[in-house]
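Novice: Numbered according to our numbering, the sequence shown spans residues 169 to 651. Don't be surprised by glycine CBs; every beta carbon is placed ideally from N, CA and C. Small disclaimer: the values here were computed from a predicted structure and weren't measured. Next up is a structure, given as structure tokens.
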Amino acid sequence: MRKNTKRLILGLVAVAILGGIYAGLMHMPDEQDTSSETKTLVSLDTEKLSSVHVTLSSGDDYTLTSTTKNKKTTYAMSGSQDASAYSDSLMQNLCSTASSISGQVIETSCEDLSKYGLADSDSVSTVAITDTDGNTTTLRFGVSSDVVSGTYCSVDGKTDVYLVDSDTASALLEQESYYRNLTVLGSYYSLSSEVQSLTVDALADGTVLTVQARDTSNMDETTAKAYSDFVFTAPVSCDADDSELKNGLLSDLQTLLTAQSIAQDNPSDLSQYGLDKPTARVHIKTNSIDATVLIGSTTDDNSGRYIMKEGGSTVFISDASACGFLNDSWRDWRSTNLMPFSLSEVSQITVTQDGTTHTIAVTQETSDEDTDSEDSSNTDSSDSSSSDVSQTATLDGETMSTEALQQLYAALDSVNYTRILDTPTQQQALATVTLTMTDGSTRSLSFAKGGSREYLVSVDGGAYAYGVQQDELTSITDALKTK
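Dropping the structure here:
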């Protein structure tokens with residue numbers, strides 16, 4: 169008896185479940201065989217595309233025009249006078265998508281378009297695609313399918329219903345704001361590899377920071393490798409720490425100048441964004457850009473920062489955390505090396521300590537080597553010539569060994585400070601190292617006694633502003649004793 173009762177209950181549950189499934193299917197569009205044929209709805213070369221007019225059910229309405237001349241295609245958005253306001257790559261993607269559209273045949277000669285959201289009384293989105301001959305194909309998009317990923321559509325007012333895949337439908341039905349260019353300066357750039365000069369006015373402590381790419385055009389490869397890619401010219405002249413600069417200041421700026429959204433076009437009042445009196449001005453110069461960016465106040469939720477190009481017409485909102493560099497110390501990005509140089513650009517080194525001066529005269533020797541081409545298949549059988557520069561030296565008139573010279577160079581090239589004095593002082597030099605370069609210019613480091621196991625250092629006769637470990641001077645004097 170209990171078994172029969174249990175079976176009866178299970179049977180009633182099964183009937184209820186099947187009934188629910190049947191009821192659900194009755195309320196879905198009567199789709200025909202979903203494995204039916206796929207039909208091409210639009211097919212034309214992108215060069216033949218003239219315009220794409222999009223009208224969304226939300227009321228957004230815009231036209232993208234495409235013009236090809238001399239095999240170069242340009243794009244423009246309706247109503248925009250600023251070509252840089254919209255992204256070329258995103259507009260190109262819309263044109264590419266609109267040039268080739270196919271759909272799965274769902275129902276032919278449909279008598280009830282409302283079940284697909286395509287009736288005249290339904291709120292539909294339309295995409296009108298016009299070619300350069302003036303022919304227009306208009307697609308009406310209805311509701312999305314719950315069974316197969318896609319959106320129902322009809323073409324040119326006919327009653328045949330197609331299913332366009334969701335990726336294509338989404339690409340065709342984006343809002344106009346989607347195509348806005350959120351790159352604040354209007355084009356792509358890589359600050360770490362393209363920046364020529366950069367000025368930040370000012371950091372939180374009032375420092376005006378200027379950094380520029382080092383010009384290595386007149387340097388040989390060996391000399392160029394002895395220096396950083398970037399050099400600071402303000403607040404003082406010194407090499408940058410390339411790694412720290414690229415991963416810090418330049419990385420933050422790159423993020424800041426790719427906005428998250430747009431606050432307002434053509435604002436009449438900049439004070440509401442803190443841009444009438446900006447917190448900071450960042451002047452950027454690359455091969456293709458020479459512009460100043462204004463950094464304003466934070467948004468109400470403190471997650472964004474208002475920024476705009478000086479002279480531009482759009483206020484952008486960028487990630488507020490990308491402005492962290494404004495509160496950093498510029499010292500975080502400078503090199504600790506006080507006197508970088510290459511041995512190939514030195515003609516003399518003098519070391520003065522305790523009233524005694526040692527002179528190292530450096531001779532630059534160039535050896536040319538002719539190398540014959542061993543590739544018999546190479547039509548150019550001429551010899552190639554390469555130059556090698558090496559150095560010999562004398563210490564106080566006597567021959568200095570190569571090992572001793574290299575040891576001295578390594579010691580001088582690695583004088584790194586461990587701290588910067590808040591208040592530089594004047595001191596009596598205990599030791600001075602002077603480099604005379606092959607171009608006649610000089611550079612110098614002077615050492616004075618500081619704290620325990622520390623010297624204070626002056627660069628090129630300036631104030632004693634740097635603390636270095638005692639071993640830095642010891643390494644230099646030890647090299648003079650090496651045979």
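Anyone know if the C-beta pair for A427 and V379 falls short of 8 Å?
Specialist: Indexing the sequence shown from 1 puts residue 427 at position 259. Indexing the sequence shown from 1 puts residue 379 at position 211. No, these two residues do not count as a Cβ contact at 8 Å.
Novice: Can you tell me whether A477 is helix, strand or coil according to DSSP?
Specialist: Position 309 of the sequence shown, counted from the first residue, corresponds to residue 477. The displayed chain sequence assigns Lys, not Ala, to residue 477. If DSSP states are grouped into helix, strand and coil, K477 belongs with the strands.
Novice: According to DSSP, which residues form a beta bridge with Q516?
Specialist: Mapped onto the sequence shown, residue 516 falls at position 348. Answer is A529 and T604.
Novice: Hey, would you say L506 sits closer than 8 Å to Y632, going by beta carbons?
Specialist: Within the sequence shown, the letter at position 338 stands for residue 506. Within the sequence shown, the letter at position 464 stands for residue 632. Not a contact, by the Cβ cut-off of 8 Å.
Novice: Go to A381, then tell me how far its beta strand (DSSP E) extends in each direction, as first and last residue.
Specialist: Numbered from its first residue, the sequence shown carries residue 381 at position 213. Per DSSP, A381 belongs to the beta strand (DSSP E) from V376 to A381.
Novice: Compare the Cα-Cα distances from L371 to each of V557, T447 and K239 and report the closest residue.
Specialist: Here residue 371 refers to the residue found at position 203 of the sequence shown. If we check each option's Cα against that of L371, T447 comes out closest.
Novice: What residues match up with Q521 in a beta bridge as DSSP calls it?
Specialist: Taking the sequence shown and counting its residues from 1, one reaches residue 521 at position 353. In the DSSP output, where bridge partners are listed per residue, Q521 has T524 and A599.
Novice: Shortest alpha-carbon distance to T319 belongs to which of V292, I297 and T304?
Specialist: Within the sequence shown, the letter at position 151 stands for residue 319. Taking only the C-alpha atoms, the option nearest T319 is V292.
Novice: Residues bridged to G472 by DSSP?
Specialist: Your numbering for residue 472 matches position 304 in the sequence shown. DSSP lists D487 as partners of G472.
Novice: If we count the other Cβ atoms within 10 Å of its Cβ and call it buried at 16 or more, is G158 buried or exposed?
Specialist: An answer regarding residue 158 cannot be provided, because it is not within the stretch 169 to 651 covered by the chain.
Novice: When burial is assigned at 16 or more other CB atoms within 10 Å of the CB, is A251 buried or exposed?
Specialist: Mapped onto the sequence shown, residue 251 falls at position 83. It is exposed - the Cβ of A251 has fewer than 16 other Cβ atoms within 10 Å.
Novice: So what's K207 in DSSP terms, helix, strand or just coil?
Specialist: By one-based count along the sequence shown, residue 207 stands at place 39. K207: strand per DSSP, three-state reduction.
Novice: Tell me which same chain residues have a C-beta within less than 8 Å of the C-beta of A394, skipping the five on either side of it?
Specialist: Residue numbering aside, residue 394 sits at position 226 when the sequence shown is read from its first letter. Leaving aside the five residues that flank A394 on each side, the residues in its chain whose CB is nearer than 8 Å to its CB run, in chain order, P508, F509, S510 and D581.
Novice: In this structure, does DSSP put I644 in helix, strand or coil?
Specialist: Locating residue 644 in the sequence shown gives position 476, counting from the first residue. Here I644 sits in helix by DSSP.
Novice: Can you tell me which of the three DSSP states N303 falls into?
Specialist: The residue given as residue 303 occupies position 135 in the sequence shown. In the structure shown, N303 sits in coil (DSSP, three-state: anything other than H, G, I, E or B).
Novice: Quick one: what's got a C-beta closer than 7 Å to Q638's C-beta in the same chain, skipping five residues either side?
Specialist: Counted from its first residue, the sequence shown places residue 638 at position 470. The residues are R621, E622 and Y623.
Novice: Between the alpha carbons of L438 and G480, how many angstroms are there, rounded?
Specialist: Locating residue 438 in the sequence shown gives position 270, counting from the first residue. Locating residue 480 in the sequence shown gives position 312, counting from the first residue. Going from the Cα of L438 to the Cα of G480 covers about 12 Å.
Novice: Quick one: what's got a C-beta closer than 6 Å to C278's C-beta in the same chain, skipping five residues either side?
Specialist: Residue numbering aside, residue 278 sits at position 110 when the sequence shown is read from its first letter. Counting only Cβ-Cβ distances below 6 Å, and skipping sequence neighbours, we find T327 and V329.
Novice: Can you give, in chain order, each stretch of the alpha helix (DSSP H) that sits fully within the region 274-345 and has at least 4 residues?
Specialist: 334-340
Novice: State the start and end residues of the unbroken alpha helix (DSSP H) segment that holds T265.
Specialist: Taking the sequence shown and counting its residues from 1, the one referred to as residue 265 is at position 97. Counting along the chain, the alpha helix (DSSP H) containing T265 begins and ends at D256 to A266.
Novice: Whole angstroms are fine: how far does the CA of N584 sit from the CA of T593?
Specialist: Residue 593 sits at position 425 when you count from the first residue of the sequence shown. Residue 584 sits at position 416 when you count from the first residue of the sequence shown. Their backbone Cα atoms lie some 19 Å apart in a straight line.
Novice: In three-state terms, what does DSSP make of L613?
Specialist: The sequence position of residue 613 within the sequence shown is 445, counting from 1. L613: strand per DSSP, three-state reduction.
Novice: In its own chain, which residues sit with a C-beta less than 6 Å from the C-beta of T235, not counting the 5 before and 5 after it?
Specialist: Mapped onto the sequence shown, residue 235 falls at position 67. Answer for T235: T242, listed in chain order.
Novice: Distance, Cα to Cα, C491 vs T300?
Specialist: Taking the sequence shown and counting its residues from 1, the one referred to as residue 491 is at position 323. Taking the sequence shown and counting its residues from 1, the one referred to as residue 300 is at position 132. Taking C-alpha positions only, C491 is separated from T300 by approximately 47 Å.
Novice: Measuring alpha carbon to alpha carbon, tell me which of E342, L494, L350 and Q575 ends up nearest V368.
Specialist: Residue 368 sits at position 200 when you count from the first residue of the sequence shown. Nearest of E342, L494, L350 and Q575 to V368, Cα basis: L494.
Novice: Could you give the DSSP three-state label for L576: helix, strand or coil?
Specialist: Position 408 of the sequence shown, counted from the start, is the residue given in the question as residue 576. The three-state secondary structure of L576, taken from DSSP, is helix.
Novice: Which same chain residues, not among the five before or five after L603, have their C-beta less than 8 Å away from its C-beta?
Specialist: Working through the sequence shown from its first residue, we reach residue 603 at position 435. Here the set comprises M507, F509, V514, Q516, I517, L580, T610, R611 and S612.
Novice: Can you tell me whether Q272 is buried or exposed? The criterion is at least 16 other CB atoms within 10 Å of its CB, across all chains shown.
Specialist: On the sequence shown, position 104 is the one that residue 272 refers to. So Q272 counts as buried.
Novice: Taking the beta strand (DSSP E) that S465 falls in, what are its first and last residues?
Specialist: Working through the sequence shown from its first residue, we reach residue 465 at position 297. Unbroken beta strand (DSSP E) run through S465: D458 to T466.
Novice: Would you check if the distance between the CB atom of S211 and the CB atom of S282 is smaller than 8 Å?
Specialist: Walking along the sequence shown from the start, residue 211 turns up at place 43. Walking along the sequence shown from the start, residue 282 turns up at place 114. No, the pair does not count as a contact, with Cβ atoms beyond the cut-off.
Novice: Quickly, what does DSSP pair Y632 with across the bridge? List them, please.
Specialist: For the purposes of this step, residue 632 is identified with residue 464 of the sequence shown, where counting begins at 1. The partner list for Y632 (beta bridge, DSSP) reads T593 and S626.
Novice: Assuming Y254 and R348 form a contact by the criterion Cβ under 8 Å, report the distance between their Cβ atoms to the nearest whole angstrom.
Specialist: Counting from 1 along the sequence shown, the entry for residue 254 is found at position 86. Counting from 1 along the sequence shown, the entry for residue 348 is found at position 180. Yes, they are in contact, since the Cβ atoms of Y254 and R348 sit about 6 Å apart, within 8 Å.
Novice: From which residue to which residue does the alpha helix (DSSP H) around S361 run?
Specialist: On the sequence shown, residue 361 is found 193 positions in, with the first residue counted as 1. Residues L359 to E362.
Novice: May I have the straight-line CA-CA distance separating M194 from T276, to the nearest angstrom?
Specialist: For the purposes of this step, residue 194 is taken as the residue at position 26 of the sequence shown. For the purposes of this step, residue 276 is taken as the residue at position 108 of the sequence shown. A caution first: M194 carries a pLDDT of 41, below 50, which makes its placement in the model too unreliable to give a value.
Novice: Please classify T298 as buried or exposed, where buried requires at least 16 neighbouring CB atoms within 10 angstroms.
Specialist: Start at 1 with the first residue of the sequence shown, and residue 298 comes out as number 130. By the 10 Å Cβ count, T298 comes out buried.
Novice: Return helix, strand or coil for S554, following the three-state DSSP convention.
Specialist: Residue numbering aside, residue 554 sits at position 386 when the sequence shown is read from its first letter. For S554, the pLDDT reaches just 45, beneath the cut-off of 50, and the residue's location in the model is therefore unreliable, although a value from the coordinates is still provided. Of the three classes helix, strand and coil, the one that applies to S554 here is strand, per DSSP.
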